[in-house]
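In UniProt numbering, the protein residues as written are 1 to 76.
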């Protein structure tokens, strides 16, 4: 779907901007380094890029924010 493509592109852009020297497939295969931190950072980057701050209201849940911005709740 276009929404998922947009999310994946924003996530991968996060890796490109934040983790220029990280080779995550190599790290997963050859080290004990946890790539979870890198994935969380890329998700945060994507969320900040894709969420329209004007849509957020006090008391909104993650699910509500995700729905309003057409992004997966897992990004938050």
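Positions of the beta carbon are idealized from the N, C-alpha and C atoms, including for glycine.
The residues 11, 14, 15, in chain order, have a CB closer than 6 Å to that of residue 42 in the same chain once the five nearest residues on each side in sequence are set aside. Contact between residue 46 and residue 7 holds, with the beta-carbon distance rounding to 6 Å and staying under 8 Å.
For residue 70, the CB contacts under 6 Å within the same chain, skipping 5 residues up- and downstream, are 3 in chain order. Only residues of its own chain outside the window of five on either side were considered, and among them 45 have a CB closer than 8 Å to the CB of residue 17, listed in chain order. When the Cα atoms are used, residue 40 and residue 56 turn out to be separated by approximately 21 Å. CA-CA distance, residue 19 to residue 51, rounds to 21 Å. One thing to note: residue 76 has its Cβ within 9 Å of the Cβ of residue 65.
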